[in-house]
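S.K.:
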Amino acid sequence: MTISTDGLAIRLIGGFELRKGAETLSLGKRKACAILAYLLLSGRSRETRGRLAALLWSEQDEEHARGSLRQCIKDLRRLATETRLNFLTVDKLVLGIDPTSIRSDMDELERALDDRNYDRALLLLGKARDGLCAGLDDCDPVFDNWLRMQSTMMTDRLVTRLAAWLAAETDPRQRKSIAACILQLDPFFDDAVVETIRRVCQESGYARARAFFERYAAELKADMDLRPPGEILRLVEALKPGKGEEKQATGPGLVQSEHDSRIPGKPMIAIIIARREAENEHLQFALATELLASISRFRHWTALSTELQTSRISFEDVRVAAGENVDIGVLIRLIDADVPAVFEISCYDFLQGGEAFRLTVPSDPSSWRSAFNEVCARFSARLQIALSSARLHRISQTSPNHFSAYDCWLDGQRLSIMWRKDTEEAAIARYEEAIRLDPDLSCAYSSLAAVLNSRWIVVPGAPSIQQDLTRAFELAKRSVLLDPFDHRNQVNLAWSHLLARRWDLADFHFSLAHEQNAGNPATLIAYALASSFMGYHERALELSKRCFELNPMPDAHYHGYQATIAFLAGDLEGCVDAAAKCDQLFADIHGWSAAALALLKRNREAGDEFRRFLRNLSAAWQGQGRPDRALAVDWFSTAFPIRHPADQVKLARGIELAAQSG
Numbered sequence: 000m001t002i003s004t005d006g007l008a009i010r011l012i013g014g015f016e017l018r019k020g021a022e023t024l025s026l027g028k029r030k031a032c033a034i035l036a037y038l039l040l041s042g043r044s045r046e047t048r049g050r051l052a053a054l055l056w057s058e059q060d061e062e063h064a065r066g067s068l069r070q071c072i073k074d075l076r077r078l079a080t081e082t083r084l085n086f087l088t089v090d091k092l093v094l095g096i097d098p099t100s101i102r103s104d105m106d107e108l109e110r111a112l113d114d115r116n117y118d119r120a121l122l123l124l125g126k127a128r129d130g131l132c133a134g135l136d137d138c139d140p141v142f143d144n145w146l147r148m149q150s151t152m153m154t155d156r157l158v159t160r161l162a163a164w165l166a167a168e169t170d171p172r173q174r175k176s177i178a179a180c181i182l183q184l185d186p187f188f189d190d191a192v193v194e195t196i197r198r199v200c201q202e203s204g205y206a207r208a209r210a211f212f213e214r215y216a217a218e219l220k221a222d223m224d225l226r227p228p229g230e231i232l233r234l235v236e237a238l239k240p241g242k243g244e245e246k247q248a249t250g251p252g253l254v255q256s257e258h259d260s261r262i263p264g265k266p267m268i269a270i271i272i273a274r275r276e277a278e279n280e281h282l283q284f285a286l287a288t289e290l291l292a293s294i295s296r297f298r299h300w301t302a303l304s305t306e307l308q309t310s311r312i313s314f315e316d317v318r319v320a321a322g323e324n325v326d327i328g329v330l331i332r333l334i335d336a337d338v339p340a341v342f343e344i345s346c347y348d349f350l351q352g353g354e355a356f357r358l359t360v361p362s363d364p365s366s367w368r369s370a371f372n373e374v375c376a377r378f379s380a381r382l383q384i385a386l387s388s389a390r391l392h393r394i395s396q397t398s399p400n401h402f403s404a405y406d407c408w409l410d411g412q413r414l415s416i417m418w419r420k421d422t423e424e425a426a427i428a429r430y431e432e433a434i435r436l437d438p439d440l441s442c443a444y445s446s447l448a449a450v451l452n453s454r455w456i457v458v459p460g461a462p463s464i465q466q467d468l469t470r471a472f473e474l475a476k477r478s479v480l481l482d483p484f485d486h487r488n489q490v491n492l493a494w495s496h497l498l499a500r501r502w503d504l505a506d507f508h509f510s511l512a513h514e515q516n517a518g519n520p521a522t523l524i525a526y527a528l529a530s531s532f533m534g535y536h537e538r539a540l541e542l543s544k545r546c547f548e549l550n551p552m553p554d555a556h557y558h559g560y561q562a563t564i565a566f567l568a569g570d571l572e573g574c575v576d577a578a579a580k581c582d583q584l585f586a587d588i589h590g591w592s593a594a595a596l597a598l599l600k601r602n603r604e605a606g607d608e609f610r611r612f613l614r615n616l617s618a619a620w621q622g623q624g625r626p627d628r629a630l631a632v633d634w635f636s637t638a639f640p641i642r643h644p645a646d647q648v649k650l651a652r653g654i655e656l657a658a659q660s661g
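Here numbering that gives the first Met the number 0 is used: position 370 in the sequence shown is 369, and no number is missing along the way.
1) So LEU414 and THR422 are supposed to be a Cβ contact under 8 Å. How far apart are they, rounded?
2) For the stretch 569-579 against the stretch 596-616, are there 3 or more C-beta pairs whose distance is under 8 Å?
3) Along the beta strand (DSSP E) that carries GLY328, what are the first and last residues, could you check?
4) At which residues does the beta strand (DSSP E) containing SER304 begin and terminate?
5) Assuming ARG454 and ASP467 form a contact by the criterion Cβ under 8 Å, report the distance between their Cβ atoms to the nearest whole angstrom.
6) Could you give the residue range of the alpha helix (DSSP H) that holds CYS32?
7) Since I believe LEU92 is in contact with ARG48 (beta carbons under 8 Å), could you give me their beta-carbon distance rounded to a whole number of angstroms?
8) Given that a residue counts as buried once 16 or more other Cβ atoms are within 10 Å of its Cβ, and exposed if not, what is MET267?
9) I need the straight-line Cα distance from ASN519 to SER304, nearest angstrom please.
10) Which residue comes first and which comes last in the alpha helix (DSSP H) that contains SER57?
11) Counting only runs that start and end within the stretch 144-178, where is the alpha helix (DSSP H) found for 4 or more residues in a row?
12) Mark VAL648 as exposed unless 16 or more other C-beta atoms lie within 10 angstroms of its C-beta, in which case mark it buried.
13) Could you round the C-beta distance between PHE609 and SER660 to whole angstroms and report it? I think they count as a contact, below 8 Å.
14) Look at the alpha carbon of TRP591 and the alpha carbon of SER295, and state the distance between them as a whole number of angstroms.
15) Could you tell me if LYS476 is buried or exposed, where buried requires 16 or more neighbouring beta carbons within 10 angstroms of its beta carbon?
16) Once you ignore the five residues that flank GLN373 on each side, which residues in its own chain have a CB closer than 7 Å to its CB?
17) Under three-state DSSP, which class holds CYS442?
18) Determine contact between the stretch 177-191 and the stretch 77-95, defined as no fewer than three beta-carbon pairs at a distance below 8 Å.
19) Mapping DSSP to helix, strand and coil, what is SER313?
20) Looking at C-alpha atoms only, which residue of GLN623, ARG642, HIS496 is the closest neighbour of PRO462?
21) Work out the CA separation of TRP494 and LEU17 for me, nearest whole Å.
22) Compare the C-alpha of ALA650 against each of TRP620, ASP587, PRO626 and name the closest.
23) Comparing alpha-carbon positions, which option in GLU306, GLU289, THR80 lies nearest ARG274?
24) Using a threshold of 7 Å, state whether the C-beta atoms of ARG29 and CYS132 are closer than that.
25) Which residues in the same chain have their Cβ closer than 6 Å to the Cβ of GLY653, if we skip the five residues on either side of it in sequence?
26) Report buried or exposed for LEU165, applying the criterion of at least 16 other Cβ atoms within 10 angstroms of its Cβ.
27) Could you tell me how far apart the beta carbons of CYS546 and TYR557 are, in whole angstroms, since I believe they sit closer than 8 Å?
28) Taking ARG119 as part of the alpha helix (DSSP H), name the residues at either end of that continuous run.
29) Need the endpoints of the beta strand (DSSP E) that ILE271 sits in, please.
30) Taking ARG611 as the reference, which of ALA658, TYR444, VAL360, ALA426 has the closest Cα?
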């Protein structure tokens, strides 16, 4: 659609188009168009050359990527000259645009919605089902991944906003227009379908309403292999001539409870595990982990996890365990009175002060996905949040072998968190079997990549480490291709880039994971450690602080990560304290505390810690012979993906001083 503006006009919704007045403009390279799209959609206006090169030339080395970027900048400069519009800012490090010189259909859409001009919004959304920037979606795998996420995020954000207005609006004409806007974004959104059927029936008769329903049902079957929900079937039946006056549907999908989040913005959901010693305790942990991952796909809320250790559990116990500012608590308990054992999922609404709902889930993982779907749907109703039905149903789509593969993946998860050579090798075998059974199980690729990415620290000196890292990178890329909306996949791809010293790509994928779920403690601590390695120490400290706020009883490896973060940020005492809580989980951990103590001039303690470090490194070492002091110092000084020379020098100096004291 043409955008009225005196400057440069860009269409982002549907196909990408560049205009000045009535003239359609052309750029020589699609990636030059992609740069403009990124700067507009990201909301940044400015971006570093390194990040742009990583985003659009991810499979080239840095020199060639930056050379290609320079060619695109030439195209953009030519456009600025030809149009006589000074929209571009370029220096040695950064490329940017002047947002006041460029207008997009996204800007027009926001204004139309702010003005409640739904007819104008509907025109702008005419190509919304094509996503964003159609035609630019095969420029580069990383850019494609980002663009898919932006399209989904745009749809979710707009549908949520429009659904709230639909629920509050009383004018029939406005309700019809709002519903039409929603259906351009999500053709299967229940409330919009219901509203449209009612309005068409009132304005054009039952036959037209029935025809609309038939088209909707056929598309739903073709796209998702689903039947229309009961509320819609009952509505169509009630509207039939001779059925009497239409009755208002009051199913759970149409009427939602009053609920105001105590934090402005996103509601907070806490997943709480009621811990107890049991043979299948690992399944309870896996259920909680997967439920957290499933609900974290939706940006409408923030999800976190914690634990509760008590035999009798009251509402107050759950509320305290969830922590402050949590709206909903989800308690997972193992009930083994029956054989086989089952899990009970209880949802507590802390604002209304009672239990919202309760589900029983068999311990067999084959039943979990449908339960997750139900939990997400009930959260949506409870919190007055509208979810894209396409996103919701995607959770339950699986391959025929999914559940056997899923069992293998669960077993691998249990083994991989033990951080030992033998358990890692067993975990690798289970993940490989999961992939064999289900080649589309993204979490198996991602988890296998995570194990292979950790071998440089779990089995230091092993001759296969470089081969492991190369394979991990391919697996991580595959996991993101299969499911870019799982933040764990983005994290593990980010680690692959970080370990290869591809700094900009690492930072990009960590930031995507954080955008997808800013309340996941595992993502927060991983992003914090990566930020520390990359030299963003203030950000690392903020992320790590948030992680421990959300997860006050973290696993030991969180403290190991914190030791590194504190050391590189200059908090040497904090490093020593964190390392003491991690003990011998990692071979390197006493090296960090030894280096910190040496720089604090606590030489005797530094010597003791260095000897512990050398013992642990020797026990884990998989290279030739056993490491002596010199080899241990050299390994510790160079093993970590530390970006800035000053941080490298500080670490090397600390461990060298500790070795002298030891």
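Every residue gets a Cβ at the ideal spot worked out from N, C-alpha and C, and that includes glycine.
M.R.: Taking the definition as stated:
1) Here residue 414 is taken as the residue at index 415 of the sequence shown, counted from 1. Here residue 422 is taken as the residue at index 423 of the sequence shown, counted from 1. Approximately 4 Å separates the beta-carbon atoms of LEU414 and THR422; this is inside 8 Å, confirming the contact.
2) yes
3) One-based indexing of the sequence shown puts residue 328 at position 329. Segment 327-334, the beta strand (DSSP E) holding GLY328.
4) As a working mapping, residue 304 is identified with position 305 in the sequence shown. Where SER304 is concerned, the enclosing beta strand (DSSP E) stretches over 301-307.
5) The residue labelled residue 454 in the question sits at position 455 within the sequence shown. The residue labelled residue 467 in the question sits at position 468 within the sequence shown. 5 Å between Cβ atoms; contact.
6) Here the question's residue 32 lines up with position 33 in the sequence shown. Residues 29-40.
7) Taking the first residue of the sequence shown as 1, we reach residue 48 at position 49. Taking the first residue of the sequence shown as 1, we reach residue 92 at position 93. Rounded, the Cβ-Cβ distance is 6 Å, consistent with contact.
8) If you number the sequence shown from 1, residue 267 lands on position 268. It is buried - the Cβ of MET267 has at least 16 other Cβ atoms within 10 Å.
9) To locate residue 519, count along the sequence shown from 1; it is residue 520. To locate residue 304, count along the sequence shown from 1; it is residue 305. Answer to the nearest angstrom: the Cα atoms are 8 Å apart.
10) Numbered from 1 along the sequence shown, position 58 holds the residue referred to as residue 57. SER57 -> no alpha helix (DSSP H), and no H or E assigned at all.
11) none
12) Residue mapping note: residue 648 aligns to position 649 of the sequence shown, counting from 1. VAL648 comes out exposed.
13) Residue numbering aside, residue 609 sits at position 610 when the sequence shown is read from its first letter. Residue numbering aside, residue 660 sits at position 661 when the sequence shown is read from its first letter. Yes, they are in contact, since the Cβ atoms of PHE609 and SER660 sit about 7 Å apart, within 8 Å.
14) Here the question's residue 591 lines up with position 592 in the sequence shown. Here the question's residue 295 lines up with position 296 in the sequence shown. Whole-angstrom Cα-Cα distance: 33 Å.
15) The residue given as residue 476 occupies position 477 in the sequence shown. Result: buried.
16) Against the sequence shown, residue 373 aligns to sequence position 374. According to the sequence provided, residue 373 is Glu. The question's Gln does not apply to it. Closer than 7 Å at the Cβ level, and outside the excluded window around GLU373, lie LEU358.
17) Taking the sequence shown and counting its residues from 1, the one referred to as residue 442 is at position 443. Here CYS442 sits in helix by DSSP.
18) no
19) As a working mapping, residue 313 is identified with position 314 in the sequence shown. In the structure shown, SER313 sits in coil (DSSP, three-state: anything other than H, G, I, E or B).
20) For this step, residue 462 is matched to residue 463 along the sequence shown. The shortest C-alpha separation from PRO462 is found at GLN623.
21) Mapped onto the sequence shown, residue 17 falls at position 18. Mapped onto the sequence shown, residue 494 falls at position 495. Whole-angstrom Cα-Cα distance: 37 Å.
22) Here residue 650 is taken as the residue at index 651 of the sequence shown, counted from 1. Sequence check: residue 650 is Leu here, not Ala. Ranking TRP620, ASP587, PRO626 by Cα distance to LEU650 puts ASP587 first.
23) Here residue 274 refers to the residue found at position 275 when the sequence shown is read from its first residue. Of the candidates GLU306, GLU289, THR80, the one whose C-alpha sits nearest the C-alpha of ARG274 is GLU306.
24) Start at 1 with the first residue of the sequence shown, and residue 29 comes out as number 30. Start at 1 with the first residue of the sequence shown, and residue 132 comes out as number 133. Taking 7 Å as the Cβ cut-off, ARG29 and CYS132 do not qualify as a contacting pair.
25) Within the sequence shown, numbered from 1, the residue matching residue 653 stands at position 654. Here the set comprises ALA594, ALA597, LEU598.
26) As a working note, residue 165 is residue 166 in the sequence shown. Here LEU165 is buried: its Cβ has 16 or more other Cβ atoms, across all protein chains shown, within 10 Å.
27) Here residue 546 refers to the residue found at position 547 when the sequence shown is read from its first residue. Here residue 557 refers to the residue found at position 558 when the sequence shown is read from its first residue. Right, the Cβ-Cβ distance comes to about 7 Å (below 8 Å), so this counts as a contact.
28) The residue you call residue 119 lines up with position 120 of the sequence shown. Counting along the chain, the alpha helix (DSSP H) containing ARG119 begins and ends at 117-123.
29) Translated into the one-based positions of the sequence shown, residue 271 becomes position 272. That run of the beta strand (DSSP E) goes 267-273.
30) As a working note, residue 611 is residue 612 in the sequence shown. Ranking the options by Cα distance to ARG611, first place goes to ALA658.
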